[in-house]
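**Student:** Just dropping this structure here.
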Amino acid sequence: MSAGAPLRISYLDYNATAPVKPAVIEAMVGALDRTGNPSSVHRAGRAARRALEHAREAAAALVGAAPDAVVFTSGGTEANNQALGSVRGVCLVSAVEHDSVLAAAPAAERLPVDALGRVDLERLADRLAAVRPALVSVMLANNETGVVQPVAEVAELAHRHGALVHCDAVQAAGKLAIDLVALGVDMLTLSAHKLGGPQGVGALVLGAGVEPAVLLRGGGQERRWRPGTENLPGIVGFGRAAELALEDRDWRPRVGALRDRFEAETLAVAPAGRVYGRGAERLANTSCLTMPGVGNQTQLIAFDLAGIAVSTGSACSSGKVGPSHVLAAMGVDPAEAATAIRVSLGWASTALDVERFVAAWSRLHARTRRSAQEAPARSA
Ligand code: PLP
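Numbering (our numbering), first residue to last: 152 to 531.
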């Protein structure tokens, strides 16, 4: 590379946020360029309302719901807070939920997961009978490991005990086919920025007859469930991203093959390494893996210097470097968990990105082994 040439970036952090698709940007610029409040009755307002309702139809179609089931929010965090706030009684939540679920229901009982990160259905049945919760919340796919939960089974069990069911589908949307009715959940969370849309917009999708909590007071927007003038450019971008996510699905098997390839290659270099959740159903794009003996912050810096963007499993919230509650719930030793990173691919990921990752991974691993071997020699 000549001096000063820009560093090629391999962006392998789609689960933190995905690139906004060009057609989404185009749709958003169009929305920004048009004046009109969807609540206004004049023609500019009516045009804005049409754009809003078109986006609602697209977001609903992504999860097999009716358009009027969709309540637009400021993102997944708000939708999760709204869902968890919708009941007065006890909540049961899986131990591997996103912080926005765990923090929204601090008194909730946590359901354990097995070593592969899956909710224990027998334990769920026991706790449903013992606790009689008002709400059960289990995510569709985990943001750190990609492990997919048996949400339809959870919903069936929970309904038998009279509990409402919420599902955080933020990471699954656009990566798995989702059908609200087949899942049987009462509330489902979406976020646009994980599927090629903008940050700061999401939705809570409601099952028939479900009344969510109202977190804000104000006007009558979103059927009074989410007052405030709608973020129309964001919502239009969300709708376009949802349409594209339904149309472009070919990338998933291709990316799954790339993911499997780099997992096999890194494990061949370091057989003592681990891939968490391997053996369970996982999102095709996600891998949470260790580099034995190398702290994940050291790895992150080395990858960043090599132009590769990955994250520690727990780095969804900015600056968070604490231990991963997800890996802890899976019974992973804290020292080992501190060597885990999350690699998440997406539609624009290429074989070259994966080759660069494996090369950087192998270099760092070899360097660390060399220094470990030299250290006792030096001190001798
Ligand atoms: N739920 C999951 C599983 C997530 O991964 C995230 C974001 O990383 C969220 C919720 C929060 O969504 P948002 O960033 O739109 O607030």
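Note that beta-carbon positions come from the ideal geometry of N, C-alpha and C, so glycine has one too.
Hey, which unbroken runs of the beta strand (DSSP E) at 3 residues or more fall wholly within the stretch 263–340?
**Tutor:** 286–288, 315–319
**Student:** On the three-state DSSP scale, how would you describe R514?
**Tutor:** helix
**Student:** Tell me which same chain residues have a C-beta within less than 6 Å of the C-beta of V270, skipping the five on either side of it?
**Tutor:** S245, L262, V264, V289, Q300
**Student:** In whole angstroms, what separates the C-alpha of D219 from that of F413?
**Tutor:** 42 Å
**Student:** Taking only three categories from DSSP, how would you classify D164?
**Tutor:** strand
**Student:** Could you check the C-alpha separation between A156 and V298 for me, to the nearest Å?
**Tutor:** 39 Å
**Student:** Using the DSSP secondary-structure output, state which residues sit across from A491 in a beta bridge.
**Tutor:** Per DSSP, T441.
**Student:** Is D239 helix, strand or coil by DSSP?
**Tutor:** One detail in the question is off: residue 239 reads as Arg in this sequence, not Asp. The answer is coil: DSSP assigns R239 none of H, G, I, E or B.
**Student:** Answer yes or no: do A174 and R391 have a C-beta to C-beta separation smaller than 9 Å?
**Tutor:** Going by C-beta atoms, A174 is nearer than 9 Å to R391.
**Student:** For V244, name the three-state secondary structure that DSSP assigns.
**Tutor:** strand
**Student:** Taking V305 as the reference, which of L272, R403, R283, A323 has the closest Cα?
**Tutor:** L272
**Student:** Could you give the distance in angstroms between the alpha-carbon of L253 and the alpha-carbon of R194?
**Tutor:** 44 Å
**Student:** Is the distance from the Cβ of L383 to the Cβ of P257 below 9 Å?
**Tutor:** no
**Student:** Hey, quick one: how far does the beta strand (DSSP E) through V356 stretch, first residue to last?
**Tutor:** 353–357
**Student:** Could you check what DSSP says for A343 in three-state terms: helix, strand or coil?
**Tutor:** helix
**Student:** Determine the direct distance from the alpha carbon of A421 to that of C467, and round the result to whole angstroms.
**Tutor:** At C467, the pLDDT of 45 sits below 50, so the modelled position is not reliable and the matter cannot be decided from this model.
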